[in-house]
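Chemist: Going from the sequence shown to my numbering is simple: count from 1 and add 2.
Virtual Cβ for every residue (Gly too), placed ideally from N, Cα, C.
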Amino acid sequence: MGNQEKLHPELDEFFSTEKEKAFNLILHNDEENTFDHVIDSLIEVCHHENNQAEQCAFITHYKGKCDVKKGEFEELSFMKGRLTSKGLSCTID
3 MGNQEKLHPE LDEFFSTEKE KAFNLILHND EENTFDHVID SLIEVCHHEN NQAEQCAFIT
63 HYKGKCDVKK GEFEELSFMK GRLTSKGLSC TID
């Protein structure tokens, strides 16, 4: 359709494939890990820049959770496993 407006955007979910669906890796606050540990883990596992990792750590601390990565389920599942092994609490939504 190019730059034209979609005629029926509500039908997009019926025609999307599994690969087009994006999932979110969500980091949950746990009151056990230090900010430095969380930041270092996000940089190592999720390939965040330092500022992005710091922001995610603060959002998680103050809001209780934060979407730290968006992508395909398989990739996020791998990252979730690595973060969990570092003592962080994560889910995929």
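DSSP three-state label for D69, please.
Modeler: Three-state DSSP puts D69 in a strand.
Chemist: Going by C-alpha to C-alpha distance, which of E56, A55 and V47 sits closest to L78?
Modeler: Nearest C-alpha to L78: V47.
Chemist: What first and last residue would you give for the alpha helix (DSSP H) that runs through H50?
Modeler: Element bounds for H50: n/a, residue is neither H nor E.
Chemist: Between which two residues does the alpha helix (DSSP H) holding L78 run?
Modeler: Per DSSP, L78 belongs to the alpha helix (DSSP H) from F75 to S87.
Chemist: For S43, count neighbouring Cβ atoms within 10 angstroms of its own Cβ and tell me buried if that reaches 16, exposed if not.
Modeler: Buried, by the Cβ-count rule.
Chemist: When we look at the beta-carbon of A24 and count the other beta-carbons within 10 Å, is it buried (16 or more) or exposed?
Modeler: With fewer than 16 other Cβ atoms within 10 Å, it is exposed.
Chemist: Using only the alpha-carbon positions, how far apart do A55 and T86 sit?
Modeler: Cα-Cα distance, rounded: 16 Å.
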